[in-house]
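Since the structure comes first, as structure tokens, the remarks are kept for the end.
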Amino acid sequence: MINTSKRSAALLEVDGLSVTYGLMGASSRAIENVSFALGAGEAVGLVGESGSGKTTTAMAIAGLLSPNARVSSGEVRYRGNVLPIDDDAAMRPHRWSETSVVFQGAMNALNPVHRIITQIAEPCMLKLGMPRGEASARARELLELVGIPADRGTAYPHELSGGMRQRVMIAMALACRPSIVIGDEPTTALDVITQAQILKLLGKLRSQLRLALILITHDLSVVAEACDRVLIMYSGRIVEEGTVAEIFAQPKHPYTRLLIDSIPNPANGKKMIRPIPGDPPNLMNRPSSGCAFHPRCPSVMAVCPTEVPSIDQFGQERVACHLYRSSQEDRGASHA
Amino acid sequence: MRDTTDILRLESLQVHFPIQGGLFDRALGRPAGAVRAVDGIDLNLTRGEIVALVGESGSGKTTVGRVIAKLAQPTGGKLLFEGRDITSERGSSALRPYRHRVQMIFQDAYQALNPRHTIFDIVGEPLRSLRLVDNATQLAERVGEALASAGLSPPGDFFSRFPNELSGGQRQRVVIAGALAVKPELIIADEPVSMLDVSIRAQILQVLVDLRSKHNMALLFITHDLPLAWSIADRIAVLYLGKLVEIGSADEITFNPRHPYTAALRNATPQIGGNANPAELRALQGEVPSAARVPKGCRFHPRCPLAFDRCRQDEPPSVEVGPQHMSACWLAQ
Chain Y
1 MINTSKRSAA
11 LLEVDGLSVT
21 YGLMGASSRA
31 IENVSFALGA
41 GEAVGLVGES
51 GSGKTTTAMA
61 IAGLLSPNAR
71 VSSGEVRYRG
81 NVLPIDDDAA
91 MRPHRWSETS
101 VVFQGAMNAL
111 NPVHRIITQI
121 AEPCMLKLGM
131 PRGEASARAR
141 ELLELVGIPA
151 DRGTAYPHEL
161 SGGMRQRVMI
171 AMALACRPSI
181 VIGDEPTTAL
191 DVITQAQILK
201 LLGKLRSQLR
211 LALILITHDL
221 SVVAEACDRV
231 LIMYSGRIVE
241 EGTVAEIFAQ
251 PKHPYTRLLI
261 DSIPNPANGK
271 KMIRPIPGDP
281 PNLMNRPSSG
291 CAFHPRCPSV
301 MAVCPTEVPS
311 IDQFGQERVA
321 CHLYRSSQED
331 RGASHA
Chain Z
1001 MRDTTDILRL
1011 ESLQVHFPIQ
1021 GGLFDRALGR
1031 PAGAVRAVDG
1041 IDLNLTRGEI
1051 VALVGESGSG
1061 KTTVGRVIAK
1071 LAQPTGGKLL
1081 FEGRDITSER
1091 GSSALRPYRH
1101 RVQMIFQDAY
1111 QALNPRHTIF
1121 DIVGEPLRSL
1131 RLVDNATQLA
1141 ERVGEALASA
1151 GLSPPGDFFS
1161 RFPNELSGGQ
1171 RQRVVIAGAL
1181 AVKPELIIAD
1191 EPVSMLDVSI
1201 RAQILQVLVD
1211 LRSKHNMALL
1221 FITHDLPLAW
1231 SIADRIAVLY
1241 LGKLVEIGSA
1251 DEITFNPRHP
1261 YTAALRNATP
1271 QIGGNANPAE
1281 LRALQGEVPS
1291 AARVPKGCRF
1301 HPRCPLAFDR
1311 CRQDEPPSVE
1321 VGPQHMSACW
1331 LAQ
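Chains as they are written, first to last, in this note's numbering: chain Y, 1 to 336; chain Z, 1001 to 1333.
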């Protein structure tokens, strides 16, 4: 069904996934018809603003949706097998050993009254059934892997800086030897220099452990530095997908173009940034028909408010925009 | 002719917070230490100028902003406004004329707005408390004007709304409108866009830049984001552990940094069209030390890739390395 799944090496395939949240009797679609594939050792950036559905997509993959969420269509396959993502108990053997998550603001998610080594050893004992001693040895090994001297394992979380705590969270995510790590804004709360250190660490782990990475972020420049491919999400749908080089050199979707234009970039001397008019829609006030971006789009056409554009393949890229569905002549006319 | 005289000047500004030692320390007569949040800063701002104060968390950038807004008291040095020393001025009535001319915009628009007040009340509050309006008609006029210049139009639509009815970008604009209502000559903006979605940031920055061009307002823009500072500011001042390590024009600091810390900050900032290989990110080792234990000599030396003997002994003075470009590094001497 999806074009990218033709790659035989796909480790993870997300196929036509839609998730709805029940909210005070009503229901609203958080993500709609999301499809993409992830190869072993590949890093994909999931980029979008708040309310775009990037976190919902990732949580669905990890089988960690909140109780009021429902998978209304689509499926997620890991090495070709469908994952029971909406069944908490059935997901248990898959979590952390196949896909693990480094949560947003995770530095504050550590238990303040336990030493970090105990916290890292815990998943090893619970999930892998290791005896305490063996789990501790594994925890020390993991600490070294993320660049913390094993002797620091006896420290409590408050004794560590934000960057160190984030390293501990990464160590925990790696405890059960997953092949996919989802990072939900893993560097957002960190200073630039610490962020660079963490991105460097993730890059090292990727090549060392052949780890696939899904990086959820609102920061395009982080994706530019750390990922192979980018998925741009807007209002619950993927609007564009391509390699980092393609997307940044030649963005196709008007939203992607404006998003890149709204970041000042000393590298190309682009100083004054162009604002995108209007506000990003949230779950409750999305446009009821057509392309969700049409109220803010500078290239809006007659068809945009009525018809949802399908996501079409263009070489290595995929774009969901009416501009690219019309013939060459039409495209010229719409720009005029 | 645009007025470009100094509006604000900081002279060796210092903010030390005392550390109360434990009972044991006191019994042994150990001296109590201090957190040297701001440790001797010289900085000036001319009318209509945008200066960005760039630093990591713990660098003291927010404390500098709070001192200028008279929300924190310096322990040393001077704060001069239009050449007048106002360092020791205190009390709400004495400060009323100053607060009328200097306003601060806070980072978190979600917390800065009282959820039970209407937008009209929030934006009108400083006008009322500084007694800048005589009657209700004037108040409504000024509030409307402020909302419109912050990009909330038509302003009347927002008067009776509550903060929870607004989006994040709109809330930040209400915070800006509140600061604008009194028509200040200097605004201190502490990370005004870091909580906002990327597509909204440019709108808010545009509002701030317009204020400068229309009203010759000066702006101290506090941020951790070097490319952002470059895009909005005339000059950039880089702060490390309570001290300015470098100051110069936005282009000089970005493209020709003369302090190893500035260079490290620049190299650590991910960039579109930069090298898409994380291994290439030249990350500095370690983290910013605590301001309670400032290293001897140059405070950056334990992390500096270029440090030599002198750096470990003596603190480098700030010297001119180019036109309007100062750097505090022994290598720049």
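From the three backbone atoms N, C-alpha and C, an ideal C-beta is built for every residue, glycine too.
Item                                                                                                                                 : Value
Backbone secondary structure at residue 39 of chain Y - three-state DSSP                                                             : strand
Under 8 Å from the C-beta of residue 271 of chain Y: neighbouring residues of chain Z                                                : 1230, 1231
Spatially closest choice to residue 35 of chain Y from Y/74, Y/125, Y/41, Y/256, by CA coordinates                                   : Y/74
Element boundaries [beta strand (DSSP E), containing residue 1044 of chain Z]                                                        : 1034–1046
The region 154–164 of chain Y in contact with the region 172–184 of chain Y per 3-pair CB rule at 8 Å                                : no
Cβ separation of residue 210 of chain Y and residue 97 of chain Y, assumed to be a contact under 8 Å, to the nearest whole Å         : About 16 Å separates the two Cβ atoms, so there is no contact after all.
Residue 229 of chain Y burial status per 10 Å Cβ neighbour count (16 or more: buried)                                                : buried
Residues within the region 139–166 of chain Y neighbouring chain Z, beta-carbon criterion of under 9 Å                               : 161, 162, 163, 164
Listed by chain order, chain Y residues near residue 1270 of chain Z by CB distance under 8 Å                                        : 195, 196, 199, 219, 221, 222, 224, 225, 226
Of the listed residues Z/1025, Z/1027, Z/1044, Z/1049, nearest to residue 1011 of chain Z (C-alpha basis)                            : Z/1044
Interface flag, residue 1093 of chain Z vs chain Y, CB-CB below 8 Å                                                                  : no
C-beta atoms of residue 1270 of chain Z and residue 221 of chain Y nearer than 8 Å                                                   : yes
Beta-ladder partner(s) of residue 98 of chain Y, from DSSP                                                                           : Answer by DSSP bridge pairing: none, since residue 98 of chain Y is not bridged.
Contact under 8 Å by Cβ, residue 99 of chain Y with residue 170 of chain Y                                                           : no
Inter-stretch contact at 8 Å, needing at least 3 Cβ pairs: the region 1161–1181 of chain Z / the region 1199–1207 of chain Z         : yes
Chain Z contact for residue 118 of chain Y (CB, 8 Å cutoff)                                                                          : no
Burial state of residue 1323 of chain Z, where buried means 16 or more other Cβ atoms lie within 10 Å                                : exposed
Run of the beta strand (DSSP E) containing residue 1081 of chain Z, from where it starts to where it stops                           : 1076–1081
Per-residue DSSP class, three states only, for residue 1134 of chain Z                                                               : coil
Closest Cα partner of residue 1015 of chain Z within the set Z/1130, Z/1251, Z/1077, Z/1056                                          : Z/1077
For residue 265 of chain Y, the three-state DSSP class (helix, strand or coil)                                                       : strand
DSSP three-state assignment for residue 69 of chain Y, whether helix, strand or coil                                                 : strand
Residue 1130 of chain Z versus residue 1049 of chain Z - alpha carbon distance                                                       : 25 Å
Alpha helix (DSSP H) segment containing residue 1167 of chain Z, residue limits                                                      : First-last for residue 1167 of chain Z: undefined, no H or E at that position.
Near-chain Y residues of the region 1062–1093 of chain Z (beta-carbon distance less than 7 Å), N- to C-terminal order                : none
Residue 233 of chain Y versus Y/45, Y/22, Y/40, residue with shortest Cα-Cα distance                                                 : Y/45
Nonlocal neighbours in the same chain, by C-beta distance under 7 Å from residue 1233 of chain Z, ignoring five residues either side : 1050, 1051, 1052, 1221, 1250
Residue 50 of chain Y at chain Z interface by Cβ criterion, 8 Å                                                                      : yes
Against chain Z: residues of the region 30–62 of chain Y by CB proximity under 7 Å                                                   : 49, 50
Residue environment, residue 194 of chain Y, which counts as buried when at least 16 other CB atoms sit within 10 Å                  : buried
Residue-level contact to chain Z via CB, residue 192 of chain Y, 8 Å cutoff                                                          : yes
Beta-carbon proximity list for residue 327 of chain Y, same chain, < 8 Å, skipping 5 on both sides                                   : Because residue 327 of chain Y carries a pLDDT of 46, less than 50, the predicted location of this residue cannot be relied on, and no value is offered for it.
Proximity below 8 Å, CB of residue 1097 of chain Z to CB of residue 1178 of chain Z                                                  : no
Residues in the region 1102–1133 of chain Z having any Cβ partner in chain Y nearer than 7 Å                                         : none
Any C-beta of chain Z under 8 Å from that of residue 86 of chain Y                                                                   : no
Unbroken beta strand (DSSP E) run spanning residue 16 of chain Y, endpoints                                                          : 10–23
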